[in-house]
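Participant:
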Amino acid sequence: MLVLASSVSYAHEMVPTYPKWEPSLYNDVLKTTMEIFNKRTDVEYYEIAVFDRDWKSVPFVTAYKVIQLRYLGTASIDVYIKKADRNRVEYICSRSKIKKSSDLRTAVSSTICSRFK
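Under the working numbering, the first residue of the sequence shown carries the number 3, and numbering increases by one thereafter.
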């Protein structure tokens, strides 16, 4: 137990914790902006996803659904949804993507989610 308690775990960060939708330049489309910060030396790619209360995928648009983000780098991501899906969306998540060719056998994927109130 002490070994697990003393080990250091690294993840990435995503803010805001409780995002809000705002109007976009397009009719019937809403937008929110998320910031991702990479604190992991072993990960360079993150996947963006949007879910409802039951963790079912909700259609959305971003410039890239998988982004490259170097160690200690930050990225600002605009996420767009249809206005009709506004009340359906519960979470926006980012998940670290581990390379198959990684030399680290202990590499663990991390998922961070922000929740709409």
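We put the beta carbon where it would ideally sit given N, CA and C, even for glycine.
Tell me the DSSP secondary structure of Lys-101 in three-state form.
Facilitator: Note: Lys-101 maps to coil in three-state DSSP.
Participant: Are the CB atoms of Arg-97 and Ser-111 nearer to each other than 8 Å?
Facilitator: Their beta carbons are under 8 Å apart, which means Arg-97 touches Ser-111 by this criterion.
Participant: Leaving out the 5 sequence neighbours to the left and right, which residues in its chain are closer than 7 Å to Asp-54 when beta-carbon positions are compared?
Facilitator: Within the same chain, Asp-54 has close Cβ partners Val-60, Arg-90, Val-91, Glu-92.
Participant: By the 10 Å Cβ neighbour count, where 16 or more other Cβ atoms means buried, how is Val-68 classified, buried or exposed?
Facilitator: So Val-68 ends up on the exposed side.
Participant: Give the DSSP-derived three-state secondary structure of Lys-41 in the structure shown.
Facilitator: In this structure, Lys-41 counts as coil in the three-state DSSP scheme.
Participant: Taking the alpha carbon of Thr-76 as the reference point, which residue from Thr-19, Glu-46, Arg-117 has its own alpha carbon closest?
Facilitator: Nearest C-alpha to Thr-76: Glu-46.
Participant: Using the three-state DSSP reduction, which class does Asp-54 fall into: helix, strand or coil?
Facilitator: Correct three-state label for Asp-54: coil.
Participant: Just how far apart, CA to CA, sit Val-31 and Pro-21?
Facilitator: Cα to Cα, the separation comes out at about 16 Å.
Participant: In whole angstroms, give me the CA-to-CA distance for Pro-25 and Lys-33.
Facilitator: Rounded to whole angstroms, Pro-25 to Lys-33 spans 6 Å at the Cα level.
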